[in-house]
Amino acid sequence: MSWSIPTRAQSSPKPQFAVASIKQRTDGGSASACCLGAGGRLNVKNQRVSNIIGFAWTMKYYQLVGGPSWLESDRFDIEATAEGSPSQDEMKQMLQSLLEERFHLKVHQETRQLPAYTLTLAKGGSKMQAFKEGDCIKYDPSTPASPSTPIRPRDFCGFNVLTQGRWNASGITMQQVTSALADITNRPVIDNTELSGLFNIHTEYPEDELSPDSAAHRSSP
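Okay, so the sequence shown: first residue is 622 according to the numbering used here, each after it adds one.
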C-alpha cells in the first residue's frame, strides 16, 4: 500500500515560540517525558530527536526515512513557551520551526510502498473489555492534583503503560489501539474491526511477538 509523510502547505510563516531552550543530555539518564502542557508550554525531557520529529509532524516512526545517525543516538531536553493560548496544532508548528532553526532540519514528502497489517475480529467476536464511566480519570493539565488525594499515573485515562511486552490502558478507542500497534510493529495498521466506543486493555505478550524484528522497533523513548 502507499504511505506518505503528512505535510501541510504553508501560506504564511510558521509560528514560533517566544522563548526556547535546547540542551543535549550527557548524563545517560533513562527517565523521559514529552510534550505539551498548559499555558503554551512545551516540556521535552531526554528524548531522541527522531521521537521529537515524529511528535512535531504527527508521523509514525516508519514514516521517518533518512537523516544522520545522531537522530537516533543523541537525546535532548527542550523547554519552550509560547505567547497567548495556542492550540496543539499551533504548538506543533512552533516545534517544527524550532527544529528547523536549531537543527537545520529539512522535511519533504514522498510516497513509498510499505507492508501493512489489518486488524480484524477473531472467530467468536470481540472480547474487548468495555470502558465504564469512572474506570479512569481524564487528565487535565490545567487542574493541579489535590495533595490530600494524590493521583497515580495508572489512574489516568489513556495508555499509562505501553512497552514491549506489556499494555495497560483505560478508556481508549480502536483508533488509539491501532496507532499503538503501528508504533510497536513499525508498520501501518488498518482497523477493520468496526468496533466503536471506549475500551480497557490489560495484557502481556512475548516482547518479539508483535515486532517484525528486534531492530525495527525504535519508537520507545
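For every residue, glycine included, the Cβ atom is placed at its ideal position computed from N, Cα and C.
- If you check the CB distance, Gln714 and Lys635 come in under 9 Å.
- By the neighbour-count criterion, in which a residue is buried when 16 or more other Cβ atoms sit within 10 angstroms of its Cβ, Val640 is exposed.
- Taking 9 Å as the cut-off, the Cβ atoms of Leu663 and Ala701 count as close.
- Under the three-state reduction of DSSP, Thr806 is assigned to helix.
- Pairing His823 with Ala790, the inter-Cα distance amounts to about 6 Å.
- If you draw a straight line from the Cα of Pro736 to the Cα of Glu704, it is about 42 Å long.
- Distance between Ile793 and Gly661, taken at the CA atoms: about 26 Å.
- Phe697 is positioned such that its CB atom lies closer than 9 Å to that of Val670.
- Its chain contains Glu825, Tyr826, Pro827, Glu828 as the residues whose beta carbon lies nearer than 8 Å to that of Gly786, once the 5 sequence neighbours on both sides are disregarded; these appear in chain order.
- Just so you know, the alpha carbons of Ala803 and Ile674 end up roughly 17 Å apart.
- Excluding five sequence positions before and after Glu711, the CB atoms of its chain that fall closer than 6 Å to its own CB belong to Pro636, given in chain order.
- At the C-beta level, Glu815 and Leu742 come within 9 Å of one another.
- Minimum Cα-Cα distance from Gly687 among the listed residues Gln709, Asn667, Glu731 corresponds to Glu731.
- Between Phe638 and Ser718, the CB-CB gap stays under 9 Å.
- DSSP places Gln734 inside the beta strand (DSSP E), whose first and last residues are 732–734.
- For Glu700, the secondary structure class from DSSP, reduced to helix, strand or coil, is strand.
- Annotated three-state conformation of Ser694 is helix, per DSSP.
- Nearest C-alpha to Asn667 among Asp695, Met680, Cys757: Asp695.
- The secondary-structure analysis by DSSP pairs His823 across a beta bridge with Asn789.
- Residue Val798 holds the alpha-carbon nearest to the alpha-carbon of Tyr738 among Thr679, Lys748, Val798, Ser747.
- Cβ atoms of Arg723 and Ile811 stay farther apart than 8 Å, at about 36 Å.
- Bridge pairing for Tyr738: Val810 [DSSP].
- Under the three-state reduction of DSSP, Phe752 is assigned to coil, being neither helix nor strand.
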